[in-house]
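Remarks on the structure that follows.
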Amino acid sequence: MDNLYTKLEAIHIRFEEVGKLLVDPDIIADMDRYIKLNKEYKELDGVNDYFTAYHNLLGNIKNARQILAEETDEELREMAKMEISELEEKKPEMEEEIKFLLIPKDPEDDKNAIVELRAGTGGDEACIFVEDCYRMYSMFFKTMGWKFEALNSSEGTTKGYKEISISVEGNGIYGMLKFESGVHRVQRVPETESQGRVHTSAITVAVLPEAEDVDFELNMSDVRRDTYRASGAGGQHVNKTESAIRLTHLPTNTVVECQDGRSQHKNLEKAISVLRSRLYQQELDRLNNERAEQRKSLVSTGDRSAKIRTYNYPQGRITDHRINKTMYNLSSFMNGDVQEMIDALKVAENAEKLKGENL
C-alpha cells in the first residue's frame, strides 16, 4: 500500500501549503483566489485527517514489530503480538475507506443544474408523464431544501407538458442529479385508454451543469435575440406583452426559449444562463467522448438516447437498467422518494472509477 500512502502524503503536503497561503495578505486581498483556496482547504481537510490516522496506524505497526524482533521479555512480546493483530485487522478497512476518498471528484458535481424534461414517444401520455416526473423531481428538491423554478414550459395538447426546463440551486446538485440524464420509459394504462391496455411511452431527461462566466465565455455577438408573446398559464399579462425570449446561438444553431418569467429582462437573464449551460455541456460531451475510449462508464454514458429506467405501474416497480436495480415502491418514488436509487448509482460509478484508479 505504498502507493496509497504516497497519494495521501501528497494531499497532506498540499493541505499544509494551502493553509499557509490562506494567511498570506496578498491572497486575502485577492478575493476570488482566496475563495477558491478556502474551498480547496475544506475539501482537503477530511482527507488529511485520514492521512494522520493512517500514518499513525502504520507507525504503530512498525513499532510493535520492532519490539517483537528485539524484545526477549515474553510478556512484552505477547502484548506486541496482540497490538499487531488488532492493527492489522483495522488496516484493510481503513484502506478501503481511503481508496473511495481518493477517487477523483467530478469538478462539475458541486454546480447548480438545469433539468430539461421532454415528451418522447407516446403522444399525450408522454406529456402527462413529463408532468408526473416534474412533480416527482420537485418533491425531491423540496426534501433536499434546494431552490428551483421553471424556466420554460410548453403544454401538451390535452394535459401535461411537451417540455419543461427547471433551474435548481443548492449544494452538490449536479453530482446528485447527473445520473437522471437519459430516456425514462413508462408502462401503464393511459387515462385516454378505454380498453384498459398497458401502453409504453417515453420521455427524455437532460441534466446540465449550470455554467458560470468563468466556465464558458459566451460571445453575445454570436447570438440572435427574438422576443415574442408568451403563451400558456401565467396571468393576463402573458399574452399582452412580448416578454418571452428566444436566443439562437448562430455558430451551433442552438436555440433556447424562456417565457415563464414575468419580465423580458428576467427571461433574458434565464435564457442566457440556459444557453451558456447547453453550450458548456456540448463541450463537456466532446471531451467525454474523447475519453470514452480510455474508460467507458456504465452509469453516466452521456448518451441521452439510452434507455436508463422503466416505471412499470401495473407491477409497482422501477428498474434502472444501468445497474439492474429494481425497487417496488413506485408510489413513494413518484412522490419524490428517489434518494435510494441515486445513492445506488453513485456507488456503482465510484466502484467503476475505483477499477480505473491505480490504488
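In this note's numbering, the protein residues as written are 2 to 360.
Idealized CB from N, CA, C, for every residue including glycine.
The model shown is predicted, which means the values in this text are computed figures rather than measured ones.
- Task: Kindly give me the distance between the Cβ atoms of Glu181 and Val206, rounded to whole angstroms, as I take these residues to be in contact under 8 Å.
- Result: What you label residue 181 is simply residue 180 of the sequence shown in a count that begins at 1. What you label residue 206 is simply residue 205 of the sequence shown in a count that begins at 1. That belief holds up - the Cβ atoms of Glu181 and Val206 are roughly 5 Å apart, short of 8 Å.
- Query: Would DSSP call His266 helix, strand or coil?
  - Reply: Here residue 266 refers to the residue found at position 265 when the sequence shown is read from its first residue. Taken through DSSP and simplified to helix, strand or coil, His266 comes out as helix.
- Item | Beta-carbon contacts of Val19 that lie in its chain and below 7 Å, excluding the five residues immediately before and after | As a working note, residue 19 is residue 18 in the sequence shown. The residues Leu38, Glu41, Tyr42, Leu45, in chain order, have a CB closer than 7 Å to that of Val19 in the same chain once the five nearest residues on each side in sequence are set aside.
- Query: In chain order, which alpha helix (DSSP H) runs of at least 4 residues are fully inside the segment 4–57?
  - Reply: The alpha helix (DSSP H) runs of length 4 or more contained entirely in the segment 4–57 are, from start to end of the chain, 26–30.
- Where do the N-terminal and C-terminal ends of the beta strand (DSSP E) with Phe141 fall, by residue? Within the sequence shown, numbered from 1, the residue matching residue 141 stands at position 140. Taken as a continuous stretch (DSSP letters only), Phe141 belongs to no beta strand (DSSP E), being part of the alpha helix (DSSP H) at 125–145.
- Query: By Cβ distance below 6 Å, which residues in the same chain neighbour Ala234 in space, the five residues on each side in sequence not counted?
  - Reply: Looking up residue 234 in the sequence shown gives position 233. Residue placement at Ala234 cannot be trusted, given a pLDDT of 47 that sits under 50; the coordinates are not used to answer.
- Could you tell me which residues DSSP puts in a beta bridge with Arg186? For the purposes of this step, residue 186 is taken as residue 185 along the sequence shown, with counting starting at 1. Looking at the DSSP assignment, Arg186 forms a beta bridge with Ala203, Thr311.
- Leu77 - containing alpha helix (DSSP H), residue span: For the purposes of this step, residue 77 is taken as residue 76 along the sequence shown, with counting starting at 1. Residue range 75–102 is occupied by the alpha helix (DSSP H) that includes Leu77.
- Item | Through-space distance from Ser202 to Tyr51, alpha-carbon basis | Position 50 of the sequence shown holds residue 51. Position 201 of the sequence shown holds residue 202. So the two alpha carbons sit approximately 48 Å from each other.
- Could you round the C-beta distance between Val275 and Val257 to whole angstroms and report it? I think they count as a contact, below 8 Å. In the sequence shown, residue 275 corresponds to position 274, counting from 1. In the sequence shown, residue 257 corresponds to position 256, counting from 1. About 5 Å; that satisfies the 8 Å criterion.
- How would you call Arg226, buried or exposed, if buried means at least 16 neighbouring beta carbons within 10 angstroms? Locating residue 226 in the sequence shown gives position 225, counting from the first residue. Exposed is the call here.
- Message: Across the segment 125–139 and the segment 76–85, are there enough close Cβ pairs to call them in contact, namely three or more that are closer than 8 Å?
- Response: Too few Cβ pairs lie closer than 8 Å, so no.
- Task: Compute the beta-carbon to beta-carbon distance between Glu89 and Ile62, rounded to the nearest angstrom, for a pair I have assumed lies under 8 Å.
- Result: As a first step, residue 89 must be located in the sequence shown, where it is residue number 88. As a first step, residue 62 must be located in the sequence shown, where it is residue number 61. In this structure, Glu89 and Ile62 form a Cβ contact; the two beta carbons are roughly 7 Å apart against a cut-off of 8 Å.
- Buried or exposed: which applies to Asn172, given that a residue is buried once 16 or more other Cβ atoms fall within 10 Å of its Cβ? Walking along the sequence shown from the start, residue 172 turns up at place 171. The residue in question, Asn172, is exposed, as its Cβ has fewer than 16 Cβ neighbours within 10 Å.
- Roughly how many angstroms lie between the CA atoms of Ser264 and Pro252, to the nearest whole one? Walking along the sequence shown from the start, residue 264 turns up at place 263. Walking along the sequence shown from the start, residue 252 turns up at place 251. Those two C-alpha atoms are separated by around 28 Å.
- Task: Return yes when the Cβ of Leu355 is within less than 8 Å of the Cβ of Ile273, no when it is not.
- Result: As a position in the sequence shown, residue 273 is number 272, starting the count at 1. As a position in the sequence shown, residue 355 is number 354, starting the count at 1. Pairing Ile273 with Leu355 gives a Cβ-Cβ distance that is not under 8 Å.
- Message: Tell me whether the segment 146–160 and the segment 340–355 touch, counting them as touching only if at least three CB pairs, one residue from each stretch, are closer than 8 Å.
- Response: Contact between the segment 146–160 and the segment 340–355 is absent: fewer than three C-beta pairs spanning the two stretches fall below 8 Å.
- Item | CA nearest to the CA of Lys347, picked from Met328, Phe101, Gln316 | Counted from its first residue, the sequence shown places residue 347 at position 346. If we check each option's Cα against that of Lys347, Phe101 comes out closest.
- Message: For a test of your reading of the model: does the CB of Ala272 fall under 7 Å from any non-hydrogen atom of the ligand GDP? Yes or no.
- Response: Ligands in the displayed structure: none, and consequently the ligand GDP is not present.
- Task: Could you check what DSSP says for Met328 in three-state terms: helix, strand or coil?
- Result: Start at 1 with the first residue of the sequence shown, and residue 328 comes out as number 327. Met328 carries a strand assignment under DSSP once its states are collapsed to helix, strand and coil.
- Message: I'd like the list of long-range same chain contacts for Asp140, defined as Cβ closer than 7 Å, with 5 residues on each side in sequence excluded.
- Response: One-based indexing of the sequence shown puts residue 140 at position 139. Looking at the sequence itself, residue 140 is Met, so the reference to Asp does not match. If we look at Met140 and ignore the five residues flanking it on each side, its Cβ neighbours are Asn336, Gly337.
- Query: Helix or strand or just coil, what does DSSP make of Leu355?
  - Reply: Taking the sequence shown and counting its residues from 1, one reaches residue 355 at position 354. When secondary structure is reduced to three states using DSSP, Leu355 falls in the helix class.
- Span separating the alpha-carbon of Thr249 from that of Leu269: In the sequence shown, the residue the question calls residue 249 occupies position 248. In the sequence shown, the residue the question calls residue 269 occupies position 268. Cα-Cα distance, rounded: 12 Å.
- Query: How many Å lie between Lys112 and Ile68 at the Cα?
  - Reply: Position 111 of the sequence shown, counted from the start, is the residue given in the question as residue 112. Position 67 of the sequence shown, counted from the start, is the residue given in the question as residue 68. When rounded, the distance between both Cα atoms is 52 Å.
- From the DSSP output, in three-state form, read off Glu181 for me. To locate residue 181, count along the sequence shown from 1; it is residue 180. Here Glu181 sits in helix by DSSP.
- Query: Cα separation between Lys106 and Lys92?
  - Reply: Position 105 of the sequence shown, counting from 1, holds the residue named residue 106. Position 91 of the sequence shown, counting from 1, holds the residue named residue 92. For Lys106 and Lys92, the distance between alpha carbons rounds to 24 Å.
- Item | Val339 versus Arg277 - alpha carbon distance | Numbered from 1 along the sequence shown, position 338 holds the residue referred to as residue 339. Numbered from 1 along the sequence shown, position 276 holds the residue referred to as residue 277. For Val339 and Arg277, the distance between alpha carbons rounds to 28 Å.
- Item | Beta-carbon spacing of Ile99, Tyr55 below 8 Å | If you number the sequence shown from 1, residue 99 lands on position 98. If you number the sequence shown from 1, residue 55 lands on position 54. Yes, Cβ-Cβ distance for Ile99 and Tyr55 is below 8 Å.
- Query: Got a sec? Which residues, its chain only, sit under 8 Å from Gly47 by beta carbon, not counting five neighbours each side?
  - Reply: Locating residue 47 in the sequence shown gives position 46, where the first residue counts as 1. Excluding positions up to five away in sequence, the list reads Leu102.
- Query: Considering Asn153, what are the terminal residues of the beta strand (DSSP E) in which it resides?
  - Reply: Position 152 of the sequence shown holds residue 153. The continuous beta strand (DSSP E) containing Asn153 extends over residues 148–156.
- Message: Pop quiz: Val184 and Val116 are said to be a contact at Cβ under 8 Å. What is the actual Cβ separation, rounded to whole angstroms?
- Response: Mapped onto the sequence shown, residue 184 falls at position 183. Mapped onto the sequence shown, residue 116 falls at position 115. No, Val184 and Val116 are not in contact; Cβ-Cβ is about 15 Å, not under 8 Å.
- Message: Within a Cβ cutoff of 7 Å, which residues of the same chain sit near Arg34, ignoring the five residues on either side of it in sequence?
- Response: On the sequence shown, residue 34 is found 33 positions in, with the first residue counted as 1. Excluding residues up to 5 positions away in sequence, Ile28 lie with their Cβ nearer than 7 Å to the Cβ of Arg34 in the same chain.
- Use the C-beta contact count for Tyr281: other C-beta atoms within 10 angstroms, 16 or more gives buried, fewer gives exposed. Reading the sequence shown from its first residue, position 280 is the one you call residue 281. Its Cβ being crowded by 16 or more others within 10 Å, Tyr281 is buried.
- Message: Quick check: the Cα distance between Lys119 and Asn330, rounded to an integer number of angstroms?
- Response: Taking the sequence shown and counting its residues from 1, the one referred to as residue 119 is at position 118. Taking the sequence shown and counting its residues from 1, the one referred to as residue 330 is at position 329. According to the sequence provided, residue 119 is Arg. The question's Lys does not apply to it. Approximately 24 Å between the Cα atoms of the pair.
- Spatial neighbours of Pro191 within its chain, please: CB distance less than 6 Å, with the 5 preceding and 5 following residues excluded, ordered by chain position. Within the sequence shown, the letter at position 190 stands for residue 191. Cβ neighbours of Pro191 beyond the five flanking positions: Glu126, His200.
- Per-residue DSSP class, three states only, for Ser333: Here residue 333 is taken as the residue at index 332 of the sequence shown, counted from 1. Note: Ser333 maps to helix in three-state DSSP.
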